[in-house]
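A short write-up of the structure that comes next.
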DNA sequence: GAGAAAACTTGCGTGCACGCAAGTTTGCGC
DNA sequence: GCGCAAACTTGCGTGCACGCAAGTTTTCTC
């Protein structure tokens, strides 16, 4: 598997990354996202503005990262740890749904912030793309490396479907909160994810069958 | 279908867009892409720099648009005009391959430019995403609007696969031209596209079967 | 443990994207 | 034709992303 170079250096990097995204979210919540300069975030995290940009390539990225966290790694891990006796399609779909179902309170009002600002919304949706590579590795693992291209395509497709689901979710949400004050997205994201992922199930299972046939 | 508001206004817009991307490519070829400022492109096209940014949101976009042209529309049209008696998977795959096979001379050295600069390479690869919406409409058409979500997911997946294929193509190309002077990408893009799209065929055909069953 | 190499941070400079608020052109109904 | 509304252009201002070339910290090797 992928082992990170565990040293003092790596620890500091993770700490800095964490400090930056935490600071970004906190400031955005306190002052509203338009009143947060990159310099403010950098200062709050105790690094130079230039360093901020070594970690995040847009202001939105830092804020969104605070709530998406390490989701990409978790999705991949969740796929990997499902037993091999459920089909690939089911394994992937359930793993994704699990990781995207509301883990509880932490980012409740952060989501409000995100739905409110188009730029943040877009960044949040695009962040789904980050599951592509880890997920690709996990799928390749299950397919037995017979064809790395297939795993990559499937992972990319899943990521695309997730992106669409998130987009749709925030879309209808925003639409439903027109007049009243902001409304929390309560339409069922899991249902939406399943709907969007369902069309890919035949491709996932077909790939697995092919791999099995080749291997045996 | 989608009819464009055909008026003087629309003509001018297309003319401006065309002028901008043509100018962008010409200047990039003449001087090298790093010696072209946005202001230069705008001036060459006879508009203000600010207007340039109303059409393209990055310098790379304009250059790449000069060679990708209206590919997104052509792909959708190509799918639409295939006879319904070939499977959806075949229709889509062949339509895509057709539109991405070298149309001849026009952008031969433009591709050299693109492979050379990472920023241009990325933009070129990302431009594949623009087929997503038109292709989604075309697929929805064939599926008979039973489930618009399915069409969108499939289109997004195809776009993702194309993106991977292009990336791979330019990747190996660049790698193979390390020491010698720049080498034209000659690895078979059509083959690569077919390889990347093949895993999605089961999903495309399954969707079509479902649609057929629902309709009958 | 000392010294070199690699990784990371930072200040600086440059070009750029984009919101905003005029000003201008096009489209449309009467 | 006339005039109004909508679409588009443009100048300006602001914040930002990122290359580059020091300077600093961590790691590696002997």
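Protein chains in written order, with our numbering: chain A, 7 to 222; chain B, 7 to 222.
Beta carbons are placed, not taken as given, at the ideal position from N, Cα and C, and that holds for glycine.
Are there 16 or more other CB atoms within 10 angstroms of the CB of residue i, so buried, or fewer, so exposed?
{"i": "residue 142 (chain A)", "result": "buried"}
{"i": "residue 156 (chain B)", "result": "buried"}
{"i": "residue 160 (chain A)", "result": "buried"}
{"i": "residue 129 (chain B)", "result": "buried"}
{"i": "residue 76 (chain A)", "result": "exposed"}
{"i": "residue 21 (chain A)", "result": "exposed"}
{"i": "residue 194 (chain B)", "result": "exposed"}
{"i": "residue 26 (chain B)", "result": "buried"}
{"i": "residue 78 (chain B)", "result": "buried"}
{"i": "residue 105 (chain A)", "result": "buried"}
{"i": "residue 31 (chain B)", "result": "buried"}
{"i": "residue 127 (chain B)", "result": "buried"}
{"i": "residue 65 (chain A)", "result": "buried"}
{"i": "residue 36 (chain A)", "result": "exposed"}
{"i": "residue 119 (chain B)", "result": "buried"}
{"i": "residue 210 (chain A)", "result": "buried"}
{"i": "residue 187 (chain A)", "result": "The pLDDT assigned to residue 187 (chain A) is 43, lower than 50, so where the model puts this residue is not dependable; a value taken from the coordinates is nonetheless given after this. Residue 187 (chain A) should be labelled exposed."}
{"i": "residue 148 (chain B)", "result": "buried"}
{"i": "residue 12 (chain B)", "result": "exposed"}
{"i": "residue 90 (chain A)", "result": "exposed"}
Find the residues of chain B that neighbour residue i, judging by a C-beta separation of less than 7 Å, and give them in chain order.
{"i": "residue 208 (chain A)", "result": "208, 209 and 212"}
{"i": "residue 170 (chain A)", "result": "158, 159 and 162"}
{"i": "residue 205 (chain A)", "result": "156, 159, 160, 209 and 213"}
By Cβ distance below 7 Å, which residues in the same chain neighbour residue i in space, the five residues on each side in sequence not counted?
{"i": "residue 153 (chain A)", "result": "none"}
{"i": "residue 29 (chain A)", "result": "47, 50 and 51"}
{"i": "residue 33 (chain A)", "result": "42, 46, 47 and 50"}
{"i": "residue 103 (chain B)", "result": "196, 199 and 200"}
{"i": "residue 67 (chain A)", "result": "129"}
{"i": "residue 138 (chain B)", "result": "161, 162 and 165"}
{"i": "residue 146 (chain A)", "result": "154 and 157"}
{"i": "residue 44 (chain A)", "result": "55, 58 and 65"}
{"i": "residue 23 (chain A)", "result": "61"}
{"i": "residue 123 (chain A)", "result": "39"}
{"i": "residue 84 (chain B)", "result": "101, 104 and 105"}
{"i": "residue 86 (chain B)", "result": "144 and 147"}
Leaving aside the five residues before and after residue i along the sequence, list all residues of the same chain whose C-beta is less than 6 Å from its C-beta, in chain order.
{"i": "residue 133 (chain A)", "result": "70 and 74"}
{"i": "residue 207 (chain A)", "result": "95"}
{"i": "residue 185 (chain B)", "result": "Low confidence applies to residue 185 (chain B): its pLDDT is 42, below 50, so where it sits in the model is not reliable, and the reading given next is rough at best. So the list is empty, once near-sequence residues are dropped."}
{"i": "residue 82 (chain A)", "result": "140, 141 and 144"}
{"i": "residue 88 (chain A)", "result": "97"}
{"i": "residue 136 (chain B)", "result": "78"}
{"i": "residue 113 (chain A)", "result": "73"}
{"i": "residue 202 (chain A)", "result": "167, 170 and 171"}
{"i": "residue 93 (chain B)", "result": "211"}
{"i": "residue 214 (chain B)", "result": "94"}
{"i": "residue 107 (chain A)", "result": "196"}
{"i": "residue 125 (chain A)", "result": "66"}
{"i": "residue 80 (chain B)", "result": "105"}
{"i": "residue 99 (chain A)", "result": "203"}
Given residue i, which residues of its chain have a CB within under 8 Å of its CB, disregarding the five upstream and five downstream residues?
{"i": "residue 173 (chain B)", "result": "131"}
How would you list, in chain order, the residues of chain B whose beta-carbon sits under 8 Å from the beta-carbon of residue i?
{"i": "residue 201 (chain A)", "result": "155"}
{"i": "residue 166 (chain A)", "result": "159, 162, 163, 165 and 166"}
Which residues of chain A have a Cβ atom closer than 7 Å to the Cβ of residue i, listed in chain order?
{"i": "residue 196 (chain B)", "result": "Chain A residues near residue 196 (chain B): none, gap ~15 Å exceeds 7 Å."}
- If contact means a Cβ-Cβ distance below 7 Å, which residues of the region 144-160 of chain B contact chain A? 155, 156, 158, 159 and 160
- Taking a cut of 8 Å between CB atoms, which residues from the region 48-61 of chain B lie near chain A? none
- Cβ-based contacts, 9 Å cut-off: residues of the region 111-137 of chain A near chain B: none
- Item | Residues of the region 83-99 of chain B whose Cβ lies closer than 9 Å to any Cβ of chain A, in chain order | none
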